[in-house]
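Numbering (the numbering used here), first residue to last: 31 to 317.
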């Protein structure tokens with residue numbers, strides 16, 4: 031046994047924080063995430079846990095958050111047993127690897143339009159031999175234990191979920207080759223941007239959206255060979271959970287959903303509260 035107590039992969043795995051997202055994908059169950067865009071206080075992570083979410087999605091593409099806020103939210107999620115997912119704003123190392131170093135267990139990269147771009151995501155998100163992520167010291171997902179790199183790196187490679195967003199017609203055309211890139215775990219359909227690119231913005235019930243899910247699902251199944259699992263995710267359908275249910279029942283590999291966001295939930299709650307007190311005020315005024 032080594033001086034720090036880690037003499038193999040199993041010992042390293044014992045200190046690793048489990049990922050509910052990874053576990054649910056492997057079990058063929060639907061994993062769901064609360065997106066966080068405006069609430070930077072770690073209490074929002076507790077709200078997500080109390081509300082039954084599996085994951086929190088810290089959205090750097092559509093928020094003013096920086097890496098320090100992302101790190102705090104990610105570590106809070108790890109401590110409460112939620113998978114911290116981060117959607118980065120760009121397919122670059124300075125976002126991807128630093129986000130993972132700060133505690134994220136899953137990374138979402140938007141607008142992946144080709145196999146070359148998917149390979150770039152893997153390069154920055156995974157340690158060798160799958161990628162070129164720079165080795166680091168103690169990590170939140172390993173509970174800050176001093177695990178030797180020869181054990182820490184493969185354990186982290188297993189823990190991290192790499193998610194590529196499919197949100198253009200160009201990406202749909204190349205989805206087979208994107209799915210085939212080793213190290214990609216989930217193809218997440220961004221329905222908002224995809225419908226805009228299709229010229230049908232916001233028309234989530236359009237048959238072309240269902241056809242897109244079927245196309246991506248087929249590509250994911252084709253790539254799921256030799257023990258590898260590639261799953262399909264839903265983005266932009268939090269207002270159409272009927273379609274989430276429909277597609278998840280129809281496609282047995284569609285198993286991750288972005289299931290609402292703090293900004294939309296807060297707006298709805300404030301709107302409902304405002305309407306309720308306005309009704310009371312109008313009643314008092316005899317209106």
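Beta carbons: idealized from backbone N, C-alpha and C, even for Gly.
Measuring only the C-alpha atoms, how far is residue 196 from residue 39? 34 angstroms
Residue ranges of each beta strand (DSSP E) within the segment 50-94, 3 or longer: 61-66, 85-89
Residue from 174, 129, 256, 105 with nearest C-alpha to residue 42: 174
Hey, how far is the Cα of residue 278 from the Cα of residue 301? 31 angstroms
Alpha carbon of residue 46 to alpha carbon of residue 178, nearest angstrom: C-alpha separation (whole angstroms): 13 angstroms.
Is there contact here, the segment 148-160 with the segment 198-214, by at least three beta-carbon pairs under 8 angstroms? yes
Between which two residues does the alpha helix (DSSP H) holding residue 288 run? Segment 284-291 is the beta strand (DSSP E) holding residue 288; no alpha helix (DSSP H) there.
Within the chosen definition, does the segment 163-173 reach the segment 229-249 through at least 3 CB pairs nearer than 8 angstroms? no
Own chain, CB closer than 6 angstroms to residue 125, minus 5 neighbours either side, in chain order: 118
Going by alpha carbons, who is nearest to residue 105 out of 292, 297, 86? 86
With distances taken from CA atoms, which of 185, 274, 50 is nearest residue 109? 50
If you draw a straight line from the alpha carbon of residue 238 to that of residue 296, how long is it in whole angstroms? 31 angstroms
Which residue wins for smallest C-alpha separation from residue 102, given the options 88, 271, 184? The candidate whose alpha carbon is nearest that of residue 102 is 88.
Is the number of C-beta pairs between the segment 287-294 and the segment 265-272 that are closer than 8 angstroms three or more? Cβ pair count under 8 angstroms is three or more, so yes.
Counting only beta-carbon separations shorter than 8 angstroms, does residue 146 have a partner in chain B? Among the protein chains of the structure shown there is no chain B, as only one such chain exists.
Ignore the nearest five residues each way along the sequence and tell me which others in residue 183's own chain have a CB closer than 6 angstroms to its CB. Cβ contact annotation for residue 183 (same chain, cutoff 6 angstroms, sequence separation greater than five): 157, in chain order.
For residue 305, which residues of its own chain have a beta-carbon under 8 angstroms away from its beta-carbon, when the five flanking residues on both sides are left out? none
Is DSSP giving residue 305 helix, strand or coil here? helix
Skipping 5 residues on each side, what residues in its chain have a beta carbon closer than 6 angstroms to that of residue 120? none
So which of 53, 97, 96, 99 has the shortest CA-CA distance to residue 84? 53
Just to confirm the assignment: which complete alpha helix (DSSP H) runs, minimum length 4, are found wholly within the segment 81-166? 97-110, 123-131, 145-155
Could you name the residues of the same chain whose beta carbon sits closer than 6 angstroms to that of residue 33, not counting the 5 residues immediately before and after it, in chain order? Its pLDDT being 46, under 50, residue 33 is placed unreliably by the model, and nothing is read from it.
Nearest by alpha-carbon distance to residue 201: which of 186, 228, 185, 181 is it? Ranking 186, 228, 185, 181 by Cα distance to residue 201 puts 228 first.
Taking DSSP's pairing of strands, which residues face residue 234 in a bridge? Paired residue(s): none; residue 234 is not in a bridge.
What is the DSSP secondary structure of residue 266, counted as helix, strand or coil? coil
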